[in-house]
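Protein chains in written order, with our numbering: chain A, 3 to 154; chain B, 3 to 154.
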DNA sequence: TATTGTTATACTCTATAACTATA
DNA sequence: TATAGTTATAGAGTATAACAATA
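See below:
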């Protein structure tokens, strides 16, 4: 097994148990750093998270959105009300079952979310440019594995 | 530049901009997954985070701890009071300047923190065992780069 | 009668401002 | 007079329980 240059810290992660520990700390720290690059802080993390879920699903009932965000329905009512007042989401009654409330992103909401994403990507891009090609290659190969772990 | 097996998703991240985007999503998701493996939820994330900071620094003044945790002093007073009631930390007056309050982990606090860490590592270890040797090697090489990004 | 979402109420956590003690 | 920490008070945000509308 050969190591590329700059592996002094990685060699400490020789055993699998050590790899788990090192990887966990690195991922948590980087996540924290990325989170701090939030847009303007006028929106809470929960509000942004709910919008992110909506971005992937089109129309979702308020209850399903609450479940997806691991929040109780009354809390989601409040979150959606706030986002609706800002024009970032829209409530619409379900035509088939009028007890249901469908929520979806407005164009303004989608744009704000995209701007947020671009901003975080911009920071990460700047950092990536400072790395060596080998280091970037290491990240490229690991990205798909990290995704796999996150889904499991 | 050669690619190892199982790179179908990674090839999507050909350009650096795409790498940033893919990496950000993967890291945030995995961090969220790791966070959900918290011990018993009797402690909040802020309390655990404060304890983690203490673990690395021995004795710290309450003000420095508040600054490190990006929290105001009154909030840290409350957090420390709560942790002290549980026997996880101890307040001690600074012998030199009696205005200062030094905080440090008790043995029980250190043990609880370690148990927490072990639990998260255990989950990640189980997942790592399911990966191929190539995938683990990719993570091993990337871990040090992720750490570097997190510190920047 | 069951289900979806909302309103009412209480609790937790945080912050700012005022206060106490030490320097 | 300045500084470290605590106490007092108010403002978000969340949850459970009670309620209204619809099925």
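Backbone N, C-alpha and C define an ideal beta-carbon position, used for all residues, glycine too.
Bear in mind the structure is a predicted one, so any value in this text is a computation, not a measurement.
For residue 44(B), the nearest beta carbon of chain A is not closer than 7 Å to its own beta carbon.
The C-alpha of residue 149(B) is placed about 19 Å away from the C-alpha of residue 130(B). For residue 149(A), the nearest beta carbon of chain B is closer than 7 Å to its own beta carbon. Between the alpha carbons of residue 151(B) and residue 39(A) lies a distance of about 14 Å. The beta carbon of residue 78(A) sits closer than 6 Å to those of 64, 67 and 68, all from its chain and outside the five residues before and after it, given in chain order.
Bounds of any beta strand (DSSP E) do not take in residue 25(A); it lies within the alpha helix (DSSP H) bounded by 18-37. The closest CA to that of residue 22(A), considering only 143(B), 137(B) and 126(B), is found on 126(B). Collapsing the DSSP output to three states places residue 63(B) in a strand. The C-alpha of residue 123(A) is placed about 29 Å away from the C-alpha of residue 134(B). In the three-state reduction of the DSSP assignment, residue 148(B) falls in the helix class, which pools H, G and I. Here the alpha carbons of residue 28(A) and residue 50(A) stand approximately 24 Å from one another. For residue 102(A), the closest alpha carbon among the candidates 17(A), 75(A), 138(A) and 25(A) is that of 75(A). Residue 114(B) has its alpha-carbon roughly 10 Å from the corresponding atom of residue 108(B).
For residue 127(A), a Cβ of chain B is located within less than 7 Å of the residue's own Cβ. From the listed residues 62(A), 31(A), 143(A) and 120(A), the smallest Cα separation to residue 92(A) is found for 62(A). For residue 77(B), there are no neighbours in chain A by C-beta distance under 9 Å, as the nearest C-beta there is about 17 Å away. A distance below 6 Å between beta-carbons, with the five flanking residues on each side excluded, links residue 32(A) to no residue of its chain. Within chain A, the residues whose beta carbon sits less than 7 Å from that of residue 23(B) are 123, listed in sequence order. Per DSSP, residue 121(B) is not a residue of any beta strand (DSSP E); the alpha helix (DSSP H) it occupies stretches across 109-131. When the beta-carbon positions are compared, residue 141(A) and residue 25(B) come within less than 7 Å of each other. At a cut-off of 7 Å, the C-beta of residue 29(A) has a neighbouring C-beta in chain B.
For the C-beta of residue 90(A), not a single chain B residue is nearer than 9 Å; the gap to the nearest is close to 20 Å.
Interface flag for residue 39(A) against chain B is unset, since no Cβ pair is found closer than 7 Å. Secondary structure note for residue 87(B): its alpha helix (DSSP H) is the uninterrupted segment 75-87. Taking every protein chain shown into account, the CB of residue 80(A) has fewer than 16 other CB atoms within 10 angstroms, so this residue is exposed.
By the CB criterion at 7 Å, residue 19(B) and residue 144(A) fall outside the cutoff.
In the DSSP assignment, residue 95(A) falls within the unbroken beta strand (DSSP E) covering 91-95.
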